[in-house]
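Participant: In this note's numbering, the protein residues as written are 443 to 691. For every residue, glycine included, the Cβ atom is placed at its ideal position computed from N, Cα and C.
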Ligand code: FPP
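1) For the ligand FPP, is there any heavy atom lying closer than 7 Å to the beta carbon of residue 659?
2) Give the secondary structure of residue 642 by DSSP, where H, G and I count as helix, E and B as strand, and everything else as coil.
3) Go ahead and pull the three-state DSSP assignment for residue 442.
4) Below 8 Å, how does it come out for the region 474-489 and the region 646-656: are there three or more Cβ pairs, yes or no?
5) Is any heavy atom in the ligand FPP found nearer than 7 Å to the beta carbon of residue 500?
6) Leaving out the 5 sequence neighbours to the left and right, which residues in its chain are closer than 7 Å to residue 528 when beta-carbon positions are compared?
7) Please report how far the alpha carbon of residue 455 lies from the alpha carbon of residue 496, in whole angstroms.
8) Say yes only if the C-beta of residue 565 is nearer than 7 Å to one or more non-hydrogen atoms of the ligand FPP, and no if none qualify.
9) Let me know the alpha helix (DSSP H) ranges lying completely inside the region 503-551, each 4 residues or longer, listed in chain order.
10) With residue 463 and residue 484 assumed to form a contact (beta carbons below 8 Å), what rounded beta-carbon distance in angstroms separates them?
11) CA-CA distance, residue 581 and residue 552?
12) Using a Cβ-Cβ cut-off of 6 Å (strictly less than) and excluding sequence neighbours within five positions of residue 677, which residues of its own chain qualify?
13) If you measure between the beta carbons of residue 639 and residue 674, is that distance less than 8 Å?
14) In terms of DSSP beta bridges, what is residue 667 paired with?
15) Verify whether the separation of the beta carbon atoms of residue 655 and residue 665 is less than 8 Å.
16) Which first and last residues belong to the beta strand (DSSP E) in which residue 594 is found?
17) Select from 626, 524, 669, 633 the residue whose C-alpha is nearest the C-alpha of residue 613.
18) So does residue 672 have its beta carbon nearer than 7 Å to some heavy atom of the ligand FPP?
19) DSSP puts residue 576 in a beta bridge; with which residues?
20) Suppose contacts are defined by Cβ-Cβ distances below 8 Å. Is residue 543 in contact with residue 572 by that definition?
21) Using 7 Å as the cut-off, classify the Cβ of residue 451 as near or not near the heavy atoms of the ligand FPP, replying yes or no.
22) Flag this pair as yes or no: are the beta carbons of residue 565 and residue 610 separated by less than 8 Å?
23) What do you get for residue 534, buried or exposed, if any count of 16 or more other CB atoms within 10 angstroms of its CB means buried?
24) For residue 649, which three-state DSSP category applies?
25) Do you know whose CA, among 632, 643, 594, lies nearest residue 660's CA?
Here's what the structure looks like:
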């Protein structure tokens, strides 16, 4: 057992960790190799982090794999990322099943290329009975899109006379988000030294602990995940209360 792992308190593991996987391009540039090879190496990190998360009992791992804004990248990079997704999902299904990993997706997945969508749906279907950890891929995802979509659904309910605007609750809003049924992430990690949310899970991270690391995603592995969890465990989550109130609970 690694030293770091033994320091983690098993009673306080985040149920849901969200990750903004950033820095594949800069990692490749540093090595003088094409950006797409950075994404290929990023897949290794996805595998290692998913395994580590499963081992310590994390129940949901949400990865920002492709944002709505990522369509603006050079077409060759977009095509390469979509093919990599297809290749990876196809190649990993057997291992996902062996390790009890359920695959899910959030985002406007209907907007993905047909081959990617088909492989994704197939992966979701073939792993749907696994219950050790749920790997959620955010694909063609934008938090503003998700919030707007929820608003439109609720507006439609009001229009149909199902409820009044004043009756709309947080729970009703959450029911219309693509993360419905999942706990909100307790911990959000962003790699590569950037400190912003980039339109990721804006509603769901209201009380999330944020962890930023300079490590590029292809260099992020088990040990880095354990470090992030240790940092999380050393924080006091007050949810608006005082320290004294918390210690009297
Ligand atoms: C960010 O690095 C990474 C992405 C936009 C794509 C992430 C995709 C993978 C790791 C591979 C496929 C994933 C799965 C889940 C199978 P960047 O390109 O923004 O790096 P840069 O900021 O250094 O340019």
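Facilitator: Based on what the coordinates show:
1) Numbered from 1 along the chain shown, position 217 holds the residue referred to as residue 659. Residue 659: yes, Cβ under 7 Å from the ligand FPP.
2) Within the chain shown, residue 642 is the residue found at index 200, counting from 1. In this structure, residue 642 counts as coil in the three-state DSSP scheme.
3) As displayed, the chain neither begins before 443 nor continues past 691, which places residue 442 out of reach and without an answer.
4) Judged by Cβ distances under 8 Å, the region 474-489 makes no contact with the region 646-656, as fewer than three pairs qualify.
5) For the purposes of this step, residue 500 is taken as residue 58 along the chain shown, with counting starting at 1. Not so, every heavy atom of the ligand FPP lies at least 7 Å from the Cβ.
6) For this step, residue 528 is matched to residue 86 along the chain shown. The residues are 557, 558, 561.
7) Taking the chain shown and counting its residues from 1, one reaches residue 455 at position 13. Taking the chain shown and counting its residues from 1, one reaches residue 496 at position 54. Cα to Cα, the separation comes out at about 11 Å.
8) As a working mapping, residue 565 is identified with position 123 in the chain shown. Not so, every heavy atom of the ligand FPP lies at least 7 Å from the Cβ.
9) DSSP assignment within the region 503-551 yields the following whole alpha helix (DSSP H) runs of 4 residues or more, N-terminal first: 517-540.
10) Position 21 of the chain shown, counting from 1, holds the residue named residue 463. Position 42 of the chain shown, counting from 1, holds the residue named residue 484. Their Cβ separation, rounded to whole angstroms, is 6 Å, which keeps residue 463 and residue 484 in contact under 8 Å.
11) In the chain shown, counting from the first residue as 1, residue 581 sits at position 139. In the chain shown, counting from the first residue as 1, residue 552 sits at position 110. Between residue 581 and residue 552, the C-alpha separation is close to 10 Å.
12) Counting from one through the chain shown, the residue named residue 677 turns up at place 235. For residue 677, where only same-chain residues beyond five positions count, the Cβ hits under 6 Å are 651.
13) Residue numbering aside, residue 639 sits at position 197 when the chain shown is read from its first letter. Residue numbering aside, residue 674 sits at position 232 when the chain shown is read from its first letter. Their beta carbons are not under 8 Å apart, which means residue 639 does not touch residue 674 by this criterion.
14) Taking the chain shown and counting its residues from 1, one reaches residue 667 at position 225. Note: residue 667 sits in no beta bridge, so no partner.
15) Walking along the chain shown from the start, residue 655 turns up at place 213. Walking along the chain shown from the start, residue 665 turns up at place 223. Not a contact, by the Cβ cut-off of 8 Å.
16) Looking up residue 594 in the chain shown gives position 152. For residue 594, no beta strand (DSSP E) encloses it; the enclosing alpha helix (DSSP H) starts and ends at 585-601.
17) Translated into the one-based positions of the chain shown, residue 613 becomes position 171. Residue 626 is the option with its Cα nearest to residue 613.
18) On the chain shown, residue 672 is found 230 positions in, with the first residue counted as 1. Flag unset: Cβ of residue 672 not near the ligand FPP.
19) Taking the chain shown and counting its residues from 1, one reaches residue 576 at position 134. Beta-bridge pairing links residue 576 to 502, 544.
20) On the chain shown, residue 543 is found 101 positions in, with the first residue counted as 1. On the chain shown, residue 572 is found 130 positions in, with the first residue counted as 1. Closer than 8 Å, so yes.
21) Within the chain shown, residue 451 is the residue found at index 9, counting from 1. Checking every heavy atom of the ligand FPP against the Cβ of residue 451, none is found closer than 7 Å.
22) On the chain shown, position 123 is the one that residue 565 refers to. On the chain shown, position 168 is the one that residue 610 refers to. No, they are not a contact pair.
23) The residue you call residue 534 lines up with position 92 of the chain shown. It counts as buried.
24) As a working note, residue 649 is residue 207 in the chain shown. Correct three-state label for residue 649: coil.
25) Numbered from its first residue, the chain shown carries residue 660 at position 218. For the residues 632, 643, 594, the minimum Cα distance to residue 660 belongs to 632.
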